[in-house]
Each structure stands twice: as structure tokens, then as C-alpha cells.
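Structure, as C-alpha cells:
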Amino acid sequence: MDPTDRCHASFVVEVSDQPLPPMGTEVGIDLGLEPFAVLPDGRKIGNPRGAEGAPQAPPSPAGTRPPPEGVRSRAQSVRTVDRWFPSTRLCSDCQALGDATPLDVREWACPCGAIHDRDVNAAINILTAGRADRSTPVAAPPDSGRPEQGPVKQEPAGSAG
1 MDPTDRCHAS
11 FVVEVSDQPL
21 PPMGTEVGID
31 LGLEPFAVLP
41 DGRKIGNPRG
51 AEGAPQAPPS
61 PAGTRPPPEG
71 VRSRAQSVRT
81 VDRWFPSTRL
91 CSDCQALGDA
101 TPLDVREWAC
111 PCGAIHDRDV
121 NAAINILTAG
131 RADRSTPVAA
141 PPDSGRPEQG
151 PVKQEPAGSA
161 G
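When you number the sequence shown by the UniProt record's numbering, it's gap-free, plus one each residue, and the end is 161.
Written out as C-alpha cells, the structure is:
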């Protein structure tokens with residue numbers, strides 16, 4: 001009891017950390033600040049703590065971000081696309097590489113006639129890159145001006161590589 005005669009209880013519960021069974025589904029996720037995540041079907045997930053209180057991840061080696069906490073233990077495999085892969089500039093319909101645009105430009109039109117939401121287009125391109133031949137690294141195109149870096153495959157904890 002505390003001084004105001006209120007009672008508080010605390011519980012510790014053990015939960016087995018069993019990997020989920022394979023579902024045969026894949027998803028490409030475009031991570032950002034607001035929205036926090038965008039999926040290829042257009043769903044946008046807001047930041048769970050709000051943009052101001054969002055935890056800041058430390059810089060990751062090779063320009064990649066680690067998957068959000070809990071993803072690695074539940075996923076069958078996680079592939080990250082190179083940080084410089086032009087996911088927002090690449091038309092997900094015709095694969096044409098568009099010009100760089102400022103971050104405040106949220107929609108753009110490709111010469112093929114497709115109109116893209118910047119983040120949804122990026123999520124589609126990330127999914128496509130993840131589905132590509134697993135032995136071929138997904139790298140920035142030669143004209144991007146960025147160093148080439150392939151994706152990093154991350155296995156769930158405790159699995160044999």
C-alpha cells in the first residue's frame with residue numbers, strides 16, 4: 001500500500017519465444033518517421049510514440065537500419081535493402097528511374113503515366129527487391145552517385161545459418 005491507501009500489483013509472465021510457423025507471405029516496408037511504416041498495399045502505420053517521442057536508433061554499420069524490436073525473433077528471414085537503393089525514385093510500374101525530389105513532394109508522376117505516392121511506391125519497390133534472386137545483391141544503380149552495398153540477410157536468433 002502507498003500513503004494514499006492504494007494497492008499496486010506487479011506481475012512477471014514467462015512467454016515462450018517460439019518462431020511463428022511459415023505463412024508464405026512477404027511484405028516490403030518503407031520505414032520513416034511519419035508515417036513510421038508504409039506497406040505496399042497503402043497501409044500507413046503511425047509512430048507508436050509520436051514523432052517527438054520517437055526513439056532514435058543509433059547509426060548502423062553499412063548504412064542499414066536494424067529491423068524493429070521483435071521482428072527478428074518472429075520473422076522467418078529479414079532482408080534489408082541498401083540504404084541508397086532508389087526505392088522512392090524508381091517507378092514500380094515501368095522501372096524508370098526518376099529524378100531526385102525534395103522530401104516534401106509526396107506524390108510524383110512517371111512519364112509512363114503512373115502516379116505514385118512516394119512511400120507506397122517505395123514499399124512496393126522494397127518488396128520487389130526482396131523477392132529478387134536471393135543470390136543477387138540489391139544495389140544502387142551505377143548512376144545514383146552512391147556506393148554500392150548489397151542487402152544484409154538476417155536470420156532469426158538461434159537459427160543455424
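Just so you know, even glycine gets a beta-carbon here, dropped at the ideal spot from N, CA and C.
Check                                                                                                     : Outcome
For Leu-39, the three-state DSSP class (helix, strand or coil)                                            : coil
Pair within 8 Å by beta-carbon distance, Gly-28 and Ile-124                                               : yes
Inter-residue CB distance, Ala-122 and Asp-30 (contact presumed, cutoff 8 Å)                              : 4 Å
Local Cβ density within 10 Å of Cys-91, reported as buried at 16 or more and exposed below that           : buried
With 16 other Cβ atoms within 10 Å as the buried cut-off, status of Asp-82                                : buried
Separation of Arg-106 from Asp-117, as counted between CA atoms                                           : 6 Å
Whole-angstrom distance between Cys-7 and Val-13, CA atom to CA atom                                      : 20 Å
Boundaries (first-last residue) of the beta strand (DSSP E) holding Asp-117                               : 115-117
N-terminal and C-terminal residue of the beta strand (DSSP E) that Glu-107 is part of                     : 107-109
Classification of Asp-17 by the beta-carbon crowding that lies within 10 angstroms, buried from 16 upward : exposed
Buried or exposed by the 16-neighbour rule on C-beta atoms within 10 Å, applied to Arg-79                 : buried
Nearest-angstrom Cα separation, counted from Gly-113 out to Trp-84                                        : 25 Å
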